[in-house]
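Visitor: Throughout, the working numbering is defined as the position within the sequence shown, counted from one, plus 34. Got a structure for you, written out below as structure tokens; questions coming shortly.
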Amino acid sequence: MKIRALEALLGAAYGTPRRDAAWPPRKILLIRRNGIGDMICALPLARRLRAGFPAARIDMLASERNAAILQDLTVVDRVLVYRRGRGLLRNHYLSLRRFMAPVRAERYDLVVAITGAFSKLVAVITYATGVARRIGFVPARAHALDFCYSEPVAQPAVREHQIERCLRLAEPLGIAPVDVDVSFALRPEHRRWADEALAGQRLAAGRFVLYNASATRAESSWGAAVIAETARALGARHGLATLACGLPQDAPLLAGSGLAHIVTPSVHQFAALVRRSLFLMCTDGGAMHVAAAMNTPAFVLFATAEPDTWRPWGVPFAYVRSGRRVADITVDSVLERLSEWLPALPVESKRIGRGERI
35 MKIRALEALL GAAYGTPRRD AAWPPRKILL IRRNGIGDMI CALPLARRLR AGFPAARIDM
95 LASERNAAIL QDLTVVDRVL VYRRGRGLLR NHYLSLRRFM APVRAERYDL VVAITGAFSK
155 LVAVITYATG VARRIGFVPA RAHALDFCYS EPVAQPAVRE HQIERCLRLA EPLGIAPVDV
215 DVSFALRPEH RRWADEALAG QRLAAGRFVL YNASATRAES SWGAAVIAET ARALGARHGL
275 ATLACGLPQD APLLAGSGLA HIVTPSVHQF AALVRRSLFL MCTDGGAMHV AAAMNTPAFV
335 LFATAEPDTW RPWGVPFAYV RSGRRVADIT VDSVLERLSE WLPALPVESK RIGRGERI
């Protein structure tokens, strides 16, 4: 009774889903919210759907934080950006009806909610699209919002990489696997910007470590003093220069490190720098997935996230994990792990192919 009442409530608020859908689908909507790393981890699924349904139009409902990753990618035909309203409309559920009206008008044949785990908000967003075929994760134990998906996929109990988890959403569609590819496009102007930035710092491509100082979570930030100490040791012990980078809001941290540094105006300019580095050093977050997209090794400082789930895909990778805050990680532990890892790192930093198949 409770579930029927909830379904009736959502139907009254957003409209009920259609019952008809073309098959094979002519129009597909993918939903992937949250950060840059989340979108990069969704790209292999998007590419598998593109290969499985080459004639379909595929659109992506993204967030303001991660939509830029899709720029110039032919795997997606159109990007819809979900923006929160102001005042009362900052409440997702109150703003959803207005936002979804043009989405419903598109009459998509299939919607896939790309998440690593069940999300109540994403379930409601998926239902509100009005699409007949709706695929997404539900908890292993029944949830009151299971009806939001016409083809629910039970959330696995096993630990697996976020990319592997996302690819499970293709299973109800019966489409063949394709090579896992997490790359995204760079324009010539992004490459020129990176080349000019390195020339200004007198650094040669492939001969420096790029340290990304940005952290979206307080628990994942590392201080200016320890960043500087690590950089000095990399120079003294391994002969490696370090270039620090970050977003405009990271400028005080970058200046406080005393290192050569640069502010990256966009994720694509950051990615172009990553592509030219020997390896990227960063804390857990979207930056490490940019390294994977640029086929660049990564050394990552983890707070509480699980490396097996969130490691950068398909590139040489090493890490130190605190279990609490990145600030608890000592310089000595980082330098010890770096000393173990660096000798095994190929001199050529762009060497790993993407031939892994799932």
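All C-beta atoms in this analysis are idealised placements derived from N, C-alpha and C, irrespective of residue type, glycine included.
Using only the alpha-carbon positions, how far apart do Arg-81 and Gly-45 sit?
Guide: Straight-line Cα distance between these residues: approximately 32 Å.
Visitor: Of all the CB atoms in chain C, is at least one closer than 9 Å to the CB of Ala-219?
Guide: Absent from the structure is chain C; it holds one protein chain and no more.
Visitor: Count the other C-beta atoms from every protein chain shown that fall within 10 angstroms of the C-beta of Glu-374, then say buried if there are 16 or more, exposed otherwise.
Guide: By the 10 Å Cβ count, Glu-374 comes out exposed.
Visitor: Can you check which of these residues, Leu-203, Ala-42 and Glu-223, is closest to Tyr-161 by C-alpha distance?
Guide: Among Leu-203, Ala-42 and Glu-223, the Cα nearest to that of Tyr-161 belongs to Ala-42.
Visitor: Under 9 Å, do Cys-182 and Arg-168 count as touching if we go by C-beta distance?
Guide: It is a contact, given that the beta carbons lie within the stated cut-off.
Visitor: Gly-323 to Val-334, Cα distance in whole Å?
Guide: The residue asked about is misnamed: residue 323 is His in this sequence, not Gly. Distance between the alpha carbons of His-323 and Val-334: 11 Å.
Visitor: Given this structure, state the Cα-to-Cα distance separating Val-368 from Thr-264, to the nearest angstrom.
Guide: Cα to Cα, Val-368 sits roughly 8 Å from Thr-264.
Visitor: Report all residues from its chain with a CB closer than 8 Å to the CB of Ala-6; omit the five preceding and five following residues, and keep chain order.
Guide: Limits of the chain in this structure are 35 at one end and 392 at the other, which puts residue 6 out of reach.
Visitor: What residues in its chain sit with their C-beta under 6 Å from that of Leu-144, if we drop five residues either side in the sequence?
Guide: Within the same chain, Leu-144 has close Cβ partners Pro-59, Ile-62 and Arg-167.
Visitor: Rounded to whole angstroms, what is the Cα-Cα separation between Phe-218 and Arg-38?
Guide: Taking the straight line joining both Cα atoms gives about 43 Å.
Visitor: Measuring CB to CB, does Gly-357 end up less than 9 Å from Thr-338?
Guide: It is a contact, given that the beta carbons lie within the stated cut-off.
Visitor: Considering only the beta carbon of each residue, do Leu-130 and Lys-154 sit closer than 9 Å?
Guide: Not a contact, by the Cβ cut-off of 9 Å.
Visitor: Just tell me which of Ala-378, Tyr-353 and Leu-379 has its CA closest to the CA of Arg-371.
Guide: The shortest Cα separation from Arg-371 among Ala-378, Tyr-353 and Leu-379 belongs to Tyr-353.
Visitor: If Ala-228 sits next to Ala-306, beta carbons under 8 Å apart, how far is it from one beta carbon to the other, in whole angstroms?
Guide: Indeed, because the Cβ distance is near 4 Å, the residues count as touching under 8 Å.
Visitor: Tell me which residues share the same chain as Arg-309 and place their Cβ nearer than 7 Å to its Cβ, disregarding the 5 neighbours each side in the sequence.
Guide: Answer for Arg-309: Met-328 and Thr-330, listed in chain order.
Visitor: State buried or exposed for Trp-256, treating a residue as buried only when at least 16 other CB atoms are found within 10 Å of its CB.
Guide: Trp-256 is buried by the Cβ-count criterion.
Visitor: Quick one: residues in its chain with C-beta nearer than 6 Å to the C-beta of Pro-299, no 5 flanking neighbours on either side, listed in chain order?
Guide: Excluding positions up to five away in sequence, the list is empty.
Visitor: For Val-110, collect the residues of the same chain with a Cβ closer than 6 Å to its Cβ; drop the 5 residues on either side in sequence, then sort them by chain order.
Guide: These residues qualify, in order along the chain: Ile-92, Met-94 and Leu-104.
Visitor: Buried or exposed for Leu-79, going by 16 or more other Cβ atoms inside 10 Å?
Guide: Classification of Leu-79: buried, given that the 10 Å Cβ count is 16 or more.
Visitor: Exposed or buried, what is Pro-380 when buried is set at 16 or more other beta-carbons lying within 10 Å of its beta-carbon?
Guide: Flag for Pro-380 reads exposed.
Visitor: Would you call Gly-234 buried or exposed, if buried means 16 or more other Cβ atoms sit within 10 Å of its Cβ?
Guide: With fewer than 16 Cβ atoms within 10 Å of its Cβ, Gly-234 is classed as exposed.
Visitor: Tell me, which residues are paired with Cys-316 by DSSP?
Guide: For Cys-316, which the question treats as bridged, DSSP gives the partners Val-334.
Visitor: In the structure shown, what three-state DSSP assignment does Val-115 receive?
Guide: Val-115 falls in the strand class under three-state DSSP.
Visitor: Determine whether the beta carbon atoms of Arg-241 and Leu-314 lie at a separation below 9 Å.
Guide: Cβ atoms of Arg-241 and Leu-314: not closer than 9 Å.
Visitor: Runs of 4 residues minimum, wholly inside the stretch 161-215: which ones carry the alpha helix (DSSP H) assignment?
Guide: Qualifying alpha helix (DSSP H) stretches, in chain order: 196-201.
Visitor: Just reading off the alpha helix (DSSP H) that Met-94 is part of, what are its end residues?
Guide: Per DSSP, Met-94 belongs to no alpha helix (DSSP H); it is in the beta strand (DSSP E), 91-97.
Visitor: Quick one: what does DSSP say Gly-121 is sitting in, helix, strand or coil?
Guide: Note that Gly-121 has pLDDT 43, beneath the 50 cutoff, so the model's placement of it is unreliable and the number below is only indicative. Note: Gly-121 maps to helix in three-state DSSP.
Visitor: Would you say Gln-426 and His-195 are within 9 Å of each other, going by their C-beta atoms?
Guide: The shown model of the chain, from 35 to 392, leaves out residue 426, and the question about it has no answer.
Visitor: Give me the residue from Gly-164, Asp-318 and Ala-174 with the minimum Cα distance to Ser-184.
Guide: Taking only the C-alpha atoms, the option nearest Ser-184 is Gly-164.
Visitor: List the whole-angstrom C-beta distance separating Ala-258 from Ser-291, where the pair is believed to meet the contact cut-off of C-beta under 8 Å.
Guide: Indeed, because the Cβ distance is near 4 Å, the residues count as touching under 8 Å.
Visitor: Using CA atoms only, rank isn't needed, just tell me which of Ala-147, Ala-139 and Tyr-142 is closest to Ala-76.
Guide: Comparing Cα-Cα distances from Ala-76 to each of Ala-147, Ala-139 and Tyr-142, the minimum goes to Ala-147.
Visitor: On the three-state DSSP scale, how would you describe Val-137?
Guide: Residue state, collapsed to three classes: helix.
Visitor: Just how far apart, CA to CA, sit Pro-136 and Val-297?
Guide: Cα to Cα, the separation comes out at about 37 Å.
Visitor: Thinking just about the alpha-carbon of each residue, which of Ala-176, Tyr-48, Ala-378 and Thr-276 is nearest to the one in Arg-236?
Guide: Ranking the options by Cα distance to Arg-236, first place goes to Thr-276.
Visitor: Compare the Cα-Cα distances from Asn-68 to each of Tyr-116, Pro-88 and Ala-191 and report the closest residue.
Guide: Looking at the Cα atoms, Tyr-116 is the closest of the given residues.
Visitor: Once the 5 residues before and after Pro-286 are set aside, which same chain residues still bring their CB inside 7 Å of it?
Guide: Excluding positions up to five away in sequence, the list is empty.
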